[in-house]
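Be aware that the sequence shown starts at 8, since it is given in the numbering used here, and climbs by one per residue. Beta carbons: idealized from backbone N, C-alpha and C, even for Gly. For reference, the structure is listed below as structure tokens.
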Amino acid sequence: MDFGIRFSGLSKTEKLQLYIENMRPLLNKRALFSDGTKMFRNPTEPMPGDDVKIRFRTAKENVDSVYIVYNNKKEQMTKGESDKKFDYYEITIPVGEERIDYYFEIVSGAVVCYYNKKGVMKEVFDWLSFSIMPGYTTPDWAKGAVMYQIYVDRFCNGDPTNDVVDSEYSYIGEPVSQVNDWGKYPAAMGVREFYGGDLAGVIKKLDYLADLGVEVIYFNPLFVSPSNHKYDIADYDYIDPHFGRIINDGGQPLAPGDLDNKHASKFKNRVANLANLEASNELFAKLVEKAHAKGMKVILDGVFNHCGSFNKWLDKERIYEGQPGFENGAYIDENSPYHTFFRFHKDDKSEWPYNNSYDGWWGHDTLPKLNYEDSPKLEEYILKIARKWVSPPYNVDGWRLDVAADLGHSGEYNHKFWRMFRDNVKEANPNAIIIAEHYGDPSMWLSGGEWDTVMNYDAFMEPLTWFLTGLEKHSDEFRGDLLGNHDAFFGAMSHHMAKFNTQSLQVAMNELSNHDHSRFLTRTNRRVGRTATAGPEAANANVNKGVFKEAVVVQMTWPGAPTLYYGDEAGVCGWTDPDNRRTYPWGREDKELINVHRELIKIHKSYDAIKTGSIMFLGGGPMYLSYARFDETDKIIVALNNHFDQLTMKISLSELGIDDSDRLVRLILTTEQGHDLSAQFYTTENGVLTLTLPAVSAIILKNVNL
Numbered sequence: 008m009d010f011g012i013r014f015s016g017l018s019k020t021e022k023l024q025l026y027i028e029n030m031r032p033l034l035n036k037r038a039l040f041s042d043g044t045k046m047f048r049n050p051t052e053p054m055p056g057d058d059v060k061i062r063f064r065t066a067k068e069n070v071d072s073v074y075i076v077y078n079n080k081k082e083q084m085t086k087g088e089s090d091k092k093f094d095y096y097e098i099t100i101p102v103g104e105e106r107i108d109y110y111f112e113i114v115s116g117a118v119v120c121y122y123n124k125k126g127v128m129k130e131v132f133d134w135l136s137f138s139i140m141p142g143y144t145t146p147d148w149a150k151g152a153v154m155y156q157i158y159v160d161r162f163c164n165g166d167p168t169n170d171v172v173d174s175e176y177s178y179i180g181e182p183v184s185q186v187n188d189w190g191k192y193p194a195a196m197g198v199r200e201f202y203g204g205d206l207a208g209v210i211k212k213l214d215y216l217a218d219l220g221v222e223v224i225y226f227n228p229l230f231v232s233p234s235n236h237k238y239d240i241a242d243y244d245y246i247d248p249h250f251g252r253i254i255n256d257g258g259q260p261l262a263p264g265d266l267d268n269k270h271a272s273k274f275k276n277r278v279a280n281l282a283n284l285e286a287s288n289e290l291f292a293k294l295v296e297k298a299h300a301k302g303m304k305v306i307l308d309g310v311f312n313h314c315g316s317f318n319k320w321l322d323k324e325r326i327y328e329g330q331p332g333f334e335n336g337a338y339i340d341e342n343s344p345y346h347t348f349f350r351f352h353k354d355d356k357s358e359w360p361y362n363n364s365y366d367g368w369w370g371h372d373t374l375p376k377l378n379y380e381d382s383p384k385l386e387e388y389i390l391k392i393a394r395k396w397v398s399p400p401y402n403v404d405g406w407r408l409d410v411a412a413d414l415g416h417s418g419e420y421n422h423k424f425w426r427m428f429r430d431n432v433k434e435a436n437p438n439a440i441i442i443a444e445h446y447g448d449p450s451m452w453l454s455g456g457e458w459d460t461v462m463n464y465d466a467f468m469e470p471l472t473w474f475l476t477g478l479e480k481h482s483d484e485f486r487g488d489l490l491g492n493h494d495a496f497f498g499a500m501s502h503h504m505a506k507f508n509t510q511s512l513q514v515a516m517n518e519l520s521n522h523d524h525s526r527f528l529t530r531t532n533r534r535v536g537r538t539a540t541a542g543p544e545a546a547n548a549n550v551n552k553g554v555f556k557e558a559v560v561v562q563m564t565w566p567g568a569p570t571l572y573y574g575d576e577a578g579v580c581g582w583t584d585p586d587n588r589r590t591y592p593w594g595r596e597d598k599e600l601i602n603v604h605r606e607l608i609k610i611h612k613s614y615d616a617i618k619t620g621s622i623m624f625l626g627g628g629p630m631y632l633s634y635a636r637f638d639e640t641d642k643i644i645v646a647l648n649n650h651f652d653q654l655t656m657k658i659s660l661s662e663l664g665i666d667d668s669d670r671l672v673r674l675i676l677t678t679e680q681g682h683d684l685s686a687q688f689y690t691t692e693n694g695v696l697t698l699t700l701p702a703v704s705a706i707i708l709k710n711v712n713l
């Protein structure tokens with residue numbers, strides 16, 4: 008720099024100031040940090056009337072001032088605590104009834120920058136501001152909780168007497184069938200196949216789940232329904248007797264070649280018999296009680312946007328007609344008390360039921376859409392259901408909401424309903440959680456009055472799948488430009504995570520697989536396919552357990568609630584629906600995969616830094632990356648090598664507060680061949696950690712607290 012030219016015409020004071028500014032160390036932007044965790048905001052979930060202490064971290068003696076900008080105010084923060092690496096600026100602000108959005112302005116000499124949910128920015132973007140939503144809390148038990156999703160028909164058959172039998176009834180034009188080979192692959196149109204899994208089977212395996220480390224069981228739908236997936240509910244008041252208990256079992260299946268459900272007397276007697284229904288509810292209450300006794304919560308699947316054409320309110324298949332305790336359905340009786348529950352369409356020549364025409368979800372007449380806006384009675388009924396299952400004697404711990412953004416005929420009503428739903432659920436059980444299925448930006452529902460969180464596709468499953476496998480989550484598309492692209496991974500994660508507030512992110516359902524997408528282990532073969540085109544055996548071919556273990560390491564160390572899809576931990580493969588609904592392979596499990604899941608769950612549960620701490624992206628390159636989780640007690644470093652060769656990577660840990668006098672210990676190393684729990688110690692040199700990782704491996708390190 009030519010100071011002679013720059014000093015020309017300046018006073019002595021101005022010359023001195025310019026000199027000081029140019030001698031100042033450059034602003035260390037990597038050291039700037041704040042978020043909504045306890046280390047930087049306390050309390051993290053304030054109530055109206057609270058005072059909130061907000062902190063911002065900078066490198067030591069590196070900035071002139073830090074300001075917080077909120078509610079059209081700009082206030083200077085005070086330097087509080089300091090340690091050997093960082094200064095912490097702080098301010099206490101009062102919380103009223105209204106939401107507070109805030110960001111930080113950092114001044115260092117002539118340099119001014121801003122800090123928000125995405126980190127250091129040159130400009131202010133209001134939508135990226137941190138937010139305080141007074142009174143908005145999510146259950147503490149769910150923050151970082153290990154969840155386990157069970158598709159009941161395929162998990163374990165504990166009671167063969169309740170199995171669906173061949174031709175018990177017709178469903179979508181063909182008779183249902185009982186599968187006697189537990190290991191059979193699901194058919195391409197396998198919605199009518201029943202393997203016999205039930206609640207008795209889940210009870211039988213509760214010890215297995217507890218030993219694995221599961222803290223929450225999430226069930227796919229359990230209510231009365233003709234399908235094996237049960238997303239077309241027939242009766243929200245009762246557990247399906249095929250999952251529960253069948254006491255009265257009279258009647259006959261369909262006669263050969265007869266598809267008329269009016270003759271399926273065995274099915275009618277099973278699912279519309281009050282003795283069976285009440286016994287099934289009692290069994291479910293017993294399951295929840297046993298799960299709670301083992302320290303596990305239970306979440307139900309709520310399908311409230313639509314029901315099924317078998318539903319007792321519509322009764323298109325005439326299952327409930329004439330049955331004791333049931334009123335006529337809207338399809339068979341224009342004077343039905345449920346007439347307004349659906350939108351029927353007619354012309355001048357139409358007779359009831361109006362040419363079979365009613366609103367179906369996505370046009371499917373087997374999935375009639377529920378008509379809330381025109382039916383206060385329906386609204387009241389579903390809100391009663393919302394309360395019923397989270398209350399005694401069932402005491403369920405929350406709801407997962409199917410296609411929640413689709414409910415109602417307008418966005419305005421959708422938000423109104425979910426506000427009522429939340430109020431009813433939280434009044435009945437204040438500790439219950441509300442998790443919505445949602446793709447895209449969820450922020451308008453996560454403002455404190457509706458959902459607690461979502462199934463985390465955009466800020467977890469999708470970016471991780473692209474990075475590790477190059478495949479879309481259905482195995483429908485391969486993109487080489489996203490495979491191993493760490494910039495795309497961190498960019499997608501930071502962008503979508505910014506749509507959450509901390510209390511929603513910490514309880515987000517982080518899945519690798521589920522009932523709607525291909526199994527993650529199958530995605531590791533990097534092949535596009537479905538069971539109808541490639542065949543089910545191809546889903547098992549050329550899979551890479553090392554890549555899968557990398558994914559599980561991320562799942563168990565990423566912000567949110569890691570959620571296992573039943574059987575993933577045992578090595579189950581499968582293309583997307585219905586092949587992803589294979590049975591749990593009891594007696595044929597991959598024991599090493601189960602063990603590595605068990606060990607990673609132990610690590611996850613051992614550190615608050617993982618469950619509720621901050622996250623920091625440390626860096627990466629083609630086919631590798633690293634990040635950290637930390638709080639005031641622990642610093643956890645995670646690194647992945649997705650190459651098929653050994654790789655040496657260098658990771659700067661200075662911004663994590665680790666220096667050359669600190670030691671790091673290895674908690675676990677996963678590889679294609681297995682996993683290693685032996686302790687190995689590391690140190691940094693000039694703040695840089697040098698790691699040599701085997702091919703297709705992942706490692707977790709933590710600081711050693713002396």
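On the DSSP letters alone, give me the boundaries of the alpha helix (DSSP H) that residue i sits inside.
i      : result
Lys384 : 383–397
Lys552 : 552–562
Ile179 : Per DSSP, Ile179 belongs to no alpha helix (DSSP H) and is neither H nor E.
Gln510 : 509–512
Trp320 : From DSSP, Trp320 is part of no alpha helix (DSSP H); its letter is neither H nor E.
Glu296 : 281–300
Ile246 : Run containing Ile246: none in the alpha helix (DSSP H); it sits in the beta strand (DSSP E), 242–246.
Glu198 : For the record, residue 198 in the displayed sequence is Val; it is not Glu. Val198 -> no alpha helix (DSSP H), and no H or E assigned at all.
What do you get for residue i, buried or exposed, if any count of 16 or more other CB atoms within 10 angstroms of its CB means buried?
i      : result
Lys556 : buried
Gln513 : buried
Tyr446 : exposed
Gly315 : buried
Gly462 : Correcting the residue type first, residue 462 is Met in the shown sequence and not Gly. Buried is the call here.
Gly627 : buried
His352 : exposed
Asp267 : exposed
Phe348 : buried
Val695 : exposed
Arg13  : Confidence is the limiting factor: at Arg13 the pLDDT is only 45, short of 50, which leaves the residue's position unreliable and the question unanswerable from this model.
Leu698 : buried
Gln156 : buried
Glu692 : exposed
Asp652 : exposed
Could you name the residues that DSSP lists as bridge partners for residue i?
i      : result
Glu82  : Ile75
Thr65  : Asp94
Cys120 : Ile113
Leu654 : Leu700
Pro714 : Because the chain is modelled from 8 through 713, residue 714 falls outside the range shown and cannot be assessed.
Met462 : Met516
Trp406 : Leu307, Ile441
If you measure between the beta carbons of residue i and residue j, is that distance less than 7 Å?
i      : j      : result
Asn318 : His249 : no
Ala195 : Ala539 : yes
Asn187 : Val295 : no
His503 : Asp459 : no
Leu625 : Ile658 : yes
For the beta strand (DSSP E) that contains residue i, what are its first and last residues?
i      : result
Met500 : Looking at the DSSP string, Met500 is not in any beta strand (DSSP E); the run it does join, the alpha helix (DSSP H), is 493–504.
Asn3   : The first residue shown for the chain is 8 and the last is 713, placing residue 3 beyond what the model contains.
Val186 : Where Val186 is concerned, there is no enclosing beta strand (DSSP E), given that its DSSP letter is neither H nor E.
Gly126 : 126–128
Ser138 : 137–139
Asn648 : 642–648
Requested in this report: Specify whether the segment 433–441 and the segment 322–340 touch according to this definition: at least 3 beta carbon pairs, one from each stretch, less than 8 Å apart.
Outcome: Between the segment 433–441 and the segment 322–340, the count of C-beta pairs closer than 8 Å stays below three; the two stretches do not touch.
Query raised in the report: Given 8 Å as the limit, is there contact between the segment 208–221 and the segment 289–305, that is, 3 or more CB pairs closer than that?
Result: Contact holds: three or more Cβ-Cβ distances are below 8 Å.
Query raised in the report: On the three-pair Cβ rule with 8 Å, is the segment 578–598 touching the segment 615–625?
Result: Because the criterion of three Cβ pairs below 8 Å is not met, the segment 578–598 and the segment 615–625 do not touch.
Report task. Decide if the segment 195–210 is in contact with the segment 282–297; the criterion is three or more beta carbon pairs, one per stretch, under 8 Å apart. Result -> At 8 Å Cβ cutoff, the stretches touch.
Query raised in the report: Are the segment 52–60 and the segment 129–149 touching, with three or more C-beta to C-beta distances below 8 Å?
Result: A contact exists between the segment 52–60 and the segment 129–149.
**Report entry** Three CB pairs or more closer than 8 Å across the segment 633–640 and the segment 666–675
**Finding:** These segments do not touch.
Query raised in the report: How about the segment 679–697 and the segment 599–608: do they share at least three Cβ pairs that are nearer than 8 Å?
Result: Touching, per the Cβ criterion.
**Report entry** Cβ pair count under 8 Å reaching 3, the segment 110–122 against the segment 59–76
**Finding:** Under the three-pair Cβ rule at 8 Å, the segment 110–122 counts as touching the segment 59–76.
Query raised in the report: When the Cβ atoms of the segment 520–529 are set against those of the segment 565–581, are three or more pairs found closer than 8 Å?
Result: Contact between the segment 520–529 and the segment 565–581 is present, with at least three C-beta pairs closer than 8 Å.
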